[in-house]
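Quick note: the sequence shown uses my numbering, first residue 4, plus one each step.
Even glycine gets a Cβ: it sits at the ideal position worked out from N, Cα and C.
What follows is one structure encoded as structure tokens, with my remarks underneath.
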Amino acid sequence: MRRYAPWLLVALCAAGALVASSAVSGWWWCAAGPLLALTALGGWDVVQRRRAPLRIHPLVGRLRYRVREPAEPIGGGRDADEFLVPSMCPLPPPEEEPRVRVGGPECRLPYDMALMNVSAMSFGALSAQAVLALGRGAALGRFAQDTGEGGLSDHHLRGGGDLIWEIGSGYFGCRTSDGGFEAREFADKAALPEVKCVSLKVSQGAGPGGGVLPGAKVTAEIARARGVAEGETVVSPPRHRVFSTPRELVLFLARMRELAGGKPTGLKLCVGSRRQFLAVCKAMLAEGVTPDFVVVDGSEGGTGAGPPGGADRLGMPLTEGLITVHNALVGSGLRDRVRIGASGGIATGSDIVRRLAQGADYTNAARAMMSALGCVRAGRCHTNTCPAGVATQDPWRARALDVGDKARRIHRYQRETVRSAVRIMAAMGVPGPGGLGPGHLLRRTDARTVRSYAELYEWLEPGALTAGPPLSWAADWAAADPDSFG
Ligand SMILES: Cc1cc2nc3c(=O)[nH]c(=O)nc-3n(C[C@H](O)[C@H](O)[C@H](O)COP(=O)(O)O)c2cc1C
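Dropping the structure here:
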């Protein structure tokens with residue numbers, strides 16, 4: 004009720020002025036008129052469904068929160084010195100939106116991934132309404148929603164979208180009583196038809212040392228879903244129990260895929276050192292096992308779960324991480340078996356095309372999707388007082404988010420962003436994502452020099468590492484050990 008106080012006060016004053024206009028003097032109408040108009044405006048704020056902050060804070064919300072459209076990435080700045088190369092002979096955009104088949108030789112149920120999907124965000128970090136709206140939007144547009152590491156909740160399943168079920172080091176949703184991995188529960192949930200892929204989160208850009216869910220957000224429902232105590236801060240352990248070497252990581256991914264009935268299985272990481280990822284590639288080669296996808300998260304990525312930690316300098320930014328993973332897989336001769344997803348500041352069609360040109364096959368977006376949900380970037384995700392009902396477990400605030408309206412916005416936003424990417428590719432004379440390469444992306448390096456990514460970075464030939472690595476890769480390749488992260 005406190006949130007309605009300013010509006011109620013205005014209404015009270017309006018009533019007072021109205022009484023005074025008949026009892027004292029007609030001049031009171033000068034005050035009563037505007038006050039009545041404000042009272043009506045506050046009433047409209049409460050009943051309208053498009054802007055959750057206004058439903059929560061009628062009148063006052065107009066002064067405090069301005070919703071920005073998700074046209075710009077939140078957080079990371081835009082790089083005006085980078086541009087894509089248009090063709091003098093463009094192509095007509097294809098009728099059908101391109102999709103990327105995810106599923107290597109060991110996968111029995113490949114999945115056709117959209118070019119832009121909902122990046123991992125847990126129920127817990129997000130409200131039930133936000134999770135549901137994302138899922139309904141994904142179902143409308145036939146794209147995928149990553150559950151995040153907080154478990155596969157009923158809200159994800161009710162959304163009806165294609166799900167990528169992510170597990171992190173807390174193994175929420177498939178967790179033994181002492182915090183280990185529970186294989187039976189994992190297999191049962193992974194078998195659900197809504198789950199199209201399963202993913203192991205090794206690390207993420209903005210979440211060093213394991214995710215945090217502040218106690219204020221650990222409601223009874225979330226505590227049940229995760230198998231933790233209500234009201235207590237949940238910290239995912241900084242490292243996994245199921246692997247401690249690259250070889251164990253790769254073998255665990257193979258186990259996950261078997262338990263998931265052959266569904267596409269992948270990992271998500273923010274790349275730290277090139278040597279460590281090469282060690283994972285060596286383990287893949289040694290065991291003859293590859294993940295079906297690798298999602299590369301840039302250090303510029305976001306997290307809504309914990310307090311802001313200034314972790315944006317831990318790990319490689321997306322450009323470096325993506326090019327490293329792409330090259331490592333190409334050089335190991337494994338690139339055609341593994342799809343690469345990219346996340347970190349992706350919000351527009353040109354963001355998608357840039358990342359595809361740098362080596363990704365598809366992209367995921369978290370904060371841009373939050374913007375489409377009505378996030379006003381109040382920076383209060385970890386306090387449970389999100390004014391947009393997006394990142395809160397306060398039922399009163401969360402209810403202000405209108406699921407139907409936001410699902411349609413999510414759908415429209417993803418559709419228009421992918422359409423824009425497709426139009427850009429056509430303008431570049433490229434028939435689809437497969438036709439893009441580093442030569443299509445230019446960067447100004449100083450006032451007089453513009454160079455393409457093909458020139459700026461080294462791009463390995465298929466199998467170059469196994470055949471005998473070039474000098475620039477030789478030391479890391481030699482030191483990469485499939486039995487140690489070093
Ligand atoms: C509210 C919120 C919750 C997140 N939760 C997870 C999570 O559970 N697991 C994960 O792998 N990444 C999580 N992330 C990171 C995103 O999936 C994504 O990798 C990162 O934010 C970069 O993408 P963006 O720039 O589009 O936000 C979360 C991000 C946000 C903003």
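Following a CB-centred definition, is I349 positioned closer than 8 Å to any heavy atom of ligand 1?
Looking up residue 349 in the sequence shown gives position 346. For ligand 1, at least one heavy atom lies less than 8 Å from the Cβ of I349.
With a threshold of 8 Å (Cβ to nearest heavy atom), would K285 be considered close to ligand 1?
As a position in the sequence shown, residue 285 is number 282, starting the count at 1. No.
For a test of the three-state rule: what should DSSP assign to I59, helix, strand or coil?
Stepping through the sequence shown from its first residue, residue 59 is reached at position 56. Secondary structure of I59 (DSSP, three-state): helix.
Would the beta-carbon of G382 be found less than 8 Å away from any heavy atom of ligand 1?
Counting from 1 along the sequence shown, the entry for residue 382 is found at position 379. No - ligand 1 has no heavy atom lying nearer than 8 Å to the Cβ of G382.
Could you check which residue in D300, P473 and Q279 has the C-alpha nearest to that of K271?
Residue numbering aside, residue 271 sits at position 268 when the sequence shown is read from its first letter. Closest by alpha carbon: D300.
Do A228 and G334 have their beta-carbon atoms positioned less than 9 Å apart in this structure?
In the sequence shown, the residue the question calls residue 334 occupies position 331. In the sequence shown, the residue the question calls residue 228 occupies position 225. The answer is no: Cβ separation not under 9 Å.
Collapsed DSSP secondary structure at S28 in the structure displayed:
Within the sequence shown, the letter at position 25 stands for residue 28. Note: S28 maps to coil in three-state DSSP.
Would you give the residue range spanned by the alpha helix (DSSP H) that V205 belongs to?
The residue given as residue 205 occupies position 202 in the sequence shown. Neither: V205 is in no alpha helix (DSSP H) and is coded neither H nor E.
With C-beta atoms as the reference, is P267 less than 9 Å away from P113?
By one-based count along the sequence shown, residue 267 stands at place 264. By one-based count along the sequence shown, residue 113 stands at place 110. Yes, the Cβ-Cβ distance between P267 and P113 is below 9 Å.
Any non-hydrogen atom of ligand 1 within 8 Å of N367 CB
Locating residue 367 in the sequence shown gives position 364, where the first residue counts as 1. N367 Cβ: within cutoff of ligand 1.
Between M124 and ligand 1, is the CB less than 8 Å from at least one heavy atom?
For the purposes of this step, residue 124 is identified with residue 121 of the sequence shown, where counting begins at 1. Yes - ligand 1 has a heavy atom lying nearer than 8 Å to the Cβ of M124.
So the beta strand (DSSP E) Y456 belongs to, where does it begin and stop?
To locate residue 456, count along the sequence shown from 1; it is residue 453. Here Y456 belongs to no beta strand (DSSP E); instead the alpha helix (DSSP H) covers Y456 to L459.
Measuring only the C-alpha atoms, how far is Y456 from T327?
Here the question's residue 456 lines up with position 453 in the sequence shown. Here the question's residue 327 lines up with position 324 in the sequence shown. Answer to the nearest angstrom: the Cα atoms are 13 Å apart.
Taking the continuous alpha helix (DSSP H) assigned at R98, which residues delimit it?
By 1-based counting over the sequence shown, the position of residue 98 is 95. One point to set straight first is that residue 98 is Glu, not Arg, in the sequence displayed. No residue range can be given for E98, since it is assigned to no alpha helix (DSSP H) and is classified by DSSP as neither H nor E.
Look at G269 and S346 and say whether their C-beta atoms are less than 9 Å apart.
In the sequence shown, the residue the question calls residue 269 occupies position 266. In the sequence shown, the residue the question calls residue 346 occupies position 343. The Cβ atoms of G269 and S346 do not sit closer than 9 Å to each other.
Neighbourhood of P73 by C-beta, 7 Å cutoff - its chain only, sequence neighbours within 5 removed
Indexing the sequence shown from 1 puts residue 73 at position 70. Residue confidence is low: P73 scores 48 on pLDDT, short of 50, so the model does not pin down where it sits. No coordinate-derived value is stated.
Under 8 Å: does the beta carbon of K204 sit that close to some heavy atom of ligand 1?
As a working note, residue 204 is residue 201 in the sequence shown. It does: the Cβ of K204 is within 8 Å (strictly closer) of some heavy atom of ligand 1.
Roughly how many angstroms lie between the CA atoms of A430 and P93, to the nearest whole one?
Within the sequence shown, numbered from 1, the residue matching residue 430 stands at position 427. Within the sequence shown, numbered from 1, the residue matching residue 93 stands at position 90. Roughly 5 Å between the two C-alpha positions.
Can you list, in chain order, the residues of its chain whose CB lies under 8 Å from that of T469, leaving out five sequence neighbours each side?
To locate residue 469, count along the sequence shown from 1; it is residue 466. Excluding residues within five positions, the ones whose Cβ falls inside 8 Å are L288, G334, S335 and G336.
Confirm the yes/no value for this check: CB of G3, any heavy atom of ligand 1, distance under 8 Å.
Outside the shown range of the chain, which is 4 to 489, sits residue 3, and nothing can be said about it.
Tell me whether E152 counts as near ligand 1, meaning its Cβ is closer than 8 Å to at least one heavy atom of that ligand.
Here residue 152 refers to the residue found at position 149 of the sequence shown. Result yes, Cβ under 8 Å from ligand 1.
K271 - partner residues in DSSP beta bridges:
Taking the sequence shown and counting its residues from 1, the one referred to as residue 271 is at position 268. K271 is bridged to K204 and V298.
Determine the direct distance from the alpha carbon of G64 to that of Y7, and round the result to whole angstroms.
Sequence index remark: in the sequence shown, residue 7 carries index 4 (1-based). Sequence index remark: in the sequence shown, residue 64 carries index 61 (1-based). Cα to Cα, the separation comes out at about 11 Å.
When the Cβ atoms of the region 83 to 90 are set against those of the region 423 to 439, are three or more pairs found closer than 8 Å?
These segments touch.
May I ask whether a heavy atom of ligand 1 can be found less than 8 Å away from the beta carbon of G304?
Here residue 304 refers to the residue found at position 301 when the sequence shown is read from its first residue. Yes - ligand 1 has a heavy atom lying nearer than 8 Å to the Cβ of G304.
Assign A424 to one of three DSSP states: helix, strand, or coil.
Indexing the sequence shown from 1 puts residue 424 at position 421. If DSSP states are grouped into helix, strand and coil, A424 belongs with the helices.
Residue nearest to A43 in terms of C-alpha spacing, selected from V341, L11 and V22
Start at 1 with the first residue of the sequence shown, and residue 43 comes out as number 40. The candidate whose alpha carbon is nearest that of A43 is L11.
May I have the straight-line CA-CA distance separating K409 from G489, to the nearest angstrom?
Taking the first residue of the sequence shown as 1, we reach residue 409 at position 406. Taking the first residue of the sequence shown as 1, we reach residue 489 at position 486. Spanning the two alpha carbons is a distance of roughly 46 Å.
Grab the span of the alpha helix (DSSP H) containing E109 for me, first residue to last.
The count along the sequence shown starts at 1 and reaches residue 109 at position 106. Looking at the DSSP string, E109 is not in any alpha helix (DSSP H), and its letter there is neither H nor E.
With three or more C-beta pairs closer than 8 Å as the rule, is the region 239 to 259 touching the region 218 to 227?
They do not touch, by the three-pair rule.
Along the chain, where does the beta strand (DSSP E) that runs through L185 open and close?
Here residue 185 corresponds to residue number 182 of the sequence shown, with the count starting at 1. Checking the sequence shown, residue 185 turns out to be Glu, not Leu. Note, E185: premise wrong, no beta strand (DSSP E); not H, not E.
Which class does W10 belong to by DSSP, given the choice of helix, strand or coil?
As a working mapping, residue 10 is identified with position 7 in the sequence shown. Reduced to three states, the DSSP call for W10 is helix.
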